[in-house]
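Visitor: I am attaching a structure below and will ask some questions about it afterwards.
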Amino acid sequence: MPGPLTGIKIVDLCHAVVGPWGTMLLGSLGAEVIKVESPGGGDLIHGMPPKQRGLGVVYTHSNPNKRGIILDLKKEEGREVCYKLVEDADMLVENMRPGVADRLGLSYEKASEINPRITYISAPAWGSTGPMAPMGGVDVSVQAFSGWTSLSGEDGGRPEIFRFGAQLDISTSSYIVAGALQALLIRNRTGKGMRLDVTMLGSSMNVQLSRMAEFFATGRSPSPLGSATVTTAPHQAFLCQDKKWLAVGVVNDSQWRGLCQALGLSDMTEDPRFATNPRRVENRRELVPILERVFLTKPSTWWSIRLAKERVPQGPFLDFEGLRHHAQALENDHIVEMDIPHQGNMLFGGLPWRFERTPARLTSGPYPGQHTQEVVEEANARQATRGPAPRGQAS
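Now the structure itself:
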């Protein structure tokens, strides 16, 4: 059964994770994605460890649902092939530094001259304007600049970099997908394509809007609170008797009463310091040590069962090994296995969508340049059938 984007064609000029992950998601919705790489190296994450049969697994996980070709866009022959692909495409996506695509002959102006209906998505780290626009950027540098690291770390301690080095990459990828779908809707109404800029900096700031709102309201920059959440309390991790952590999230007074019942602290519901969430937040430093001492008296599983009975949100800290075998992940296809022809069997994170009638898909991605010959032959055949389209009037 075809996916919701079946019939949409995308030229993917992306590298690393930001762009490739976004086009991979669009491919999972049924779009035909052609990944274009340069000769002599291509995508910079080919060799990123760990590898399986010589190719970095991060590259493989970022590029399912695509066909891969190699074109030298610094040469006229390579550009001409790419122009044929653009002529037939609905979308071009690139995440190069501003000006690089222009120098390769694939600016928005050139692409829209070839195909006025094309959506052109550019996803540089810092944006296409401003003093930092020409600079390269990676997840860690954007974390630091955007204020992300200022929120991470122990209460009263120094800021920390978030250890997952692709958090902001993949957040930006999600904004690419959302913007692409909106641009296609507008194109379908107006018949015209457009340029769409999506930046890592803008995406990072956008996902921090709740924390930024605190600063705008108070004039004080939020500081690290360890695992705690600033707006509700108690809402953090607690160490249990078996030296395992349990995440507990109390977001309303009913859950607070349930927590007190589970912990054998019912009298605390009458304590004016903790009677309401604003008071619990205000008196967090008095509240948390009391709860910490109680959690240390029983194992994490015991507390998990007890809190669940009282309908208190809670959850254990799983590593990937635990998640890999958990029924909840398996029954919802959050982990899937695929046979990659050039790398063998690999496990992948599943897709976040389930469409009733137009299912999303996860299919094997390319070895670098694997489909060059067939894609070039298809492009030549299409042009031979319809004849050369005048620039600016592509079909």
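The opening position of the sequence shown corresponds to residue 1319 in my numbering, with each subsequent residue numbered one higher.
Idealized CB from N, CA, C, for every residue including glycine.
Does the distance from the CB of Val1354 to the CB of Cys1400 come in under 8 Å?
Guide: As a working mapping, residue 1354 is identified with position 36 in the sequence shown. As a working mapping, residue 1400 is identified with position 82 in the sequence shown. Yes, Cβ-Cβ distance for Val1354 and Cys1400 is below 8 Å.
Visitor: So does the stretch 1580 to 1592 actually touch the stretch 1542 to 1550, counting three or more Cβ pairs closer than 8 Å?
Guide: No, because fewer than three Cβ pairs between the stretch 1580 to 1592 and the stretch 1542 to 1550 fall closer than 8 Å, the two stretches do not touch.
Visitor: By a C-beta neighbour count over all protein chains shown, 10 Å radius and 16 as the cutoff for buried, is Ile1439 buried or exposed?
Guide: Locating residue 1439 in the sequence shown gives position 121, where the first residue counts as 1. It is buried - the Cβ of Ile1439 has at least 16 other Cβ atoms within 10 Å.
Visitor: Whole angstroms are fine: how far does the CA of Val1460 sit from the CA of Asp1487?
Guide: In the sequence shown, the residue the question calls residue 1487 occupies position 169. In the sequence shown, the residue the question calls residue 1460 occupies position 142. Distance between the alpha carbons of Asp1487 and Val1460 is about 9 Å.
Visitor: Taking Cys1259 and Ser1464 to be in contact with their CB atoms under 8 Å, please state how far apart those CB atoms are, rounded to whole angstroms.
Guide: Beyond the ends of the chain as shown, which are 1319 and 1713, falls residue 1259; an answer cannot be given.
Visitor: For Pro1634, write down the residues that DSSP places opposite it in a beta bridge.
Guide: Counting from 1 along the sequence shown, the entry for residue 1634 is found at position 316. Answer is Leu1564.
Visitor: Near Arg1700, what residues of its chain come up, given a Cβ to Cβ distance below 7 Å and the 5 sequence neighbours on each side ignored?
Guide: Locating residue 1700 in the sequence shown gives position 382, where the first residue counts as 1. Closer than 7 Å at the Cβ level, and outside the excluded window around Arg1700, lie Asp1406.
Visitor: For Trp1671, is the classification buried or exposed, using 16 other Cβ atoms within 10 angstroms of its Cβ as the cut-off for buried?
Guide: Residue 1671 sits at position 353 when you count from the first residue of the sequence shown. Its Cβ having fewer than 16 others within 10 Å, Trp1671 is exposed.
Visitor: Tell me the DSSP bridge mates of Ser1440?
Guide: As a first step, residue 1440 is located in the sequence shown; it is residue number 122 there, counting from the start. Note: Ser1440 sits in a beta bridge opposite Glu1412, Asp1515.
Visitor: Return the first residue and the last residue of the alpha helix (DSSP H) that Met1342 is part of.
Guide: Locating residue 1342 in the sequence shown gives position 24, where the first residue counts as 1. Where Met1342 is concerned, the enclosing alpha helix (DSSP H) stretches over 1336 to 1346.
Visitor: Assuming the contact rule is C-beta atoms closer than 8 Å, Pro1449 and Arg1415 should be a hit. Round their C-beta distance to whole Å, please.
Guide: Start at 1 with the first residue of the sequence shown, and residue 1449 comes out as number 131. Start at 1 with the first residue of the sequence shown, and residue 1415 comes out as number 97. Not confirmed; about 14 Å, so no contact.
Visitor: Measure from the alpha carbon of Arg1597 to the alpha carbon of each residue in Asn1570, Asn1383, Thr1467, then state which is nearest.
Guide: Indexing the sequence shown from 1 puts residue 1597 at position 279. For the residues Asn1570, Asn1383, Thr1467, the minimum Cα distance to Arg1597 belongs to Asn1570.
Visitor: Check whether the stretch 1478 to 1493 and the stretch 1511 to 1521 are in contact - that is, three or more C-beta pairs closer than 8 Å.
Guide: Yes: the two stretches touch, three or more of their Cβ pairs being nearer than 8 Å.
Visitor: With a Cβ-Cβ cutoff of 8 Å, do Phe1556 and Leu1609 count as a contact?
Guide: Position 238 of the sequence shown, counted from the start, is the residue given in the question as residue 1556. Position 291 of the sequence shown, counted from the start, is the residue given in the question as residue 1609. For Phe1556 and Leu1609, yes; Cβs fall inside 8 Å.
Visitor: In this structure, what does DSSP give as the bridge partners for Ile1388?
Guide: Locating residue 1388 in the sequence shown gives position 70, counting from the first residue. DSSP output for Ile1388 lists Glu1355 as bridge partner(s).
Visitor: With a Cβ-Cβ cutoff of 8 Å, do Asn1601 and Phe1592 count as a contact?
Guide: For the purposes of this step, residue 1601 is taken as the residue at position 283 of the sequence shown. For the purposes of this step, residue 1592 is taken as the residue at position 274 of the sequence shown. Going by C-beta atoms, Asn1601 is nearer than 8 Å to Phe1592.
Visitor: Between which two residues does the alpha helix (DSSP H) holding His1553 run?
Guide: The sequence position of residue 1553 within the sequence shown is 235, counting from 1. First-last for His1553: 1553 to 1557, but that is the beta strand (DSSP E), not the alpha helix (DSSP H).
Visitor: Return the bridge partner residues of Asn1663 from the DSSP annotation.
Guide: The residue you call residue 1663 lines up with position 345 of the sequence shown. Partner(s): Asp1657.
Visitor: Have a look at the DSSP bridge pairing and note the partners of Tyr1328.
Guide: Here residue 1328 refers to the residue found at position 10 of the sequence shown. Note that residue 1328 is Ile in the sequence shown here, rather than Tyr. Paired residue(s): Val1351, Met1409.
Visitor: Once DSSP output is grouped into helix, strand and coil, what is the label at Gln1701?
Guide: In the sequence shown, counting from the first residue as 1, residue 1701 sits at position 383. Helix.
Visitor: Can you name, in chain order, every residue of its own chain whose Cβ lies under 6 Å from the Cβ of Ile1326, other than the five neighbours on each side?
Guide: Translated into positions along the sequence shown, residue 1326 becomes position 8. Hits under 6 Å: Ala1349, Asp1408.
Visitor: Roughly how many whole angstroms lie between the Cα atoms of His1470 and Arg1476?
Guide: Residue mapping note: residue 1470 aligns to position 152 of the sequence shown, counting from 1. Residue mapping note: residue 1476 aligns to position 158 of the sequence shown, counting from 1. Looking at the sequence provided, one finds Ser at residue 1470 rather than His. So the two alpha carbons sit approximately 8 Å from each other.
Visitor: Buried or exposed: Pro1320, going by 16 or more other Cβ atoms within 10 Å of its Cβ?
Guide: Translated into positions along the sequence shown, residue 1320 becomes position 2. Exposed.
Visitor: Out of curiosity, what's the CA-to-CA distance linking Thr1703 and Leu1403?
Guide: Translated into positions along the sequence shown, residue 1703 becomes position 385. Translated into positions along the sequence shown, residue 1403 becomes position 85. Going by the C-alpha atoms only, they are around 14 Å apart.
Visitor: State the Cα-Cα distance for the pair Thr1341 and Glu1588, rounded to the nearest angstrom.
Guide: Taking the first residue of the sequence shown as 1, we reach residue 1341 at position 23. Taking the first residue of the sequence shown as 1, we reach residue 1588 at position 270. The straight-line gap from Cα to Cα measures roughly 54 Å.
Visitor: Check whether the Cβ atoms of Pro1631 and Gln1573 sit closer than 8 Å, and answer yes or no.
Guide: Taking the sequence shown and counting its residues from 1, one reaches residue 1631 at position 313. Taking the sequence shown and counting its residues from 1, one reaches residue 1573 at position 255. In contact: Pro1631 and Gln1573 (Cβ atoms closer than 8 Å).
Visitor: Arg1538 to Ser1446, Cα distance in whole Å?
Guide: Position 220 of the sequence shown holds residue 1538. Position 128 of the sequence shown holds residue 1446. Their Cα atoms are separated by approximately 30 Å.
Visitor: Does the beta-carbon of Thr1508 have 16 or more other beta-carbons within 10 angstroms, so that it is buried, or is it exposed?
Guide: Here the question's residue 1508 lines up with position 190 in the sequence shown. Thr1508 comes out exposed.
Visitor: For Val1411 and Ile1328, which I take to be in contact (beta-carbon distance under 8 Å), what is that distance rounded to the nearest angstrom?
Guide: Residue mapping note: residue 1411 aligns to position 93 of the sequence shown, counting from 1. Residue mapping note: residue 1328 aligns to position 10 of the sequence shown, counting from 1. Contact holds; Cβ gap of about 6 Å.
Visitor: Kindly indicate which three-state DSSP category Lys1369 falls into: helix, strand or coil?
Guide: For the purposes of this step, residue 1369 is taken as the residue at position 51 of the sequence shown. Strand.
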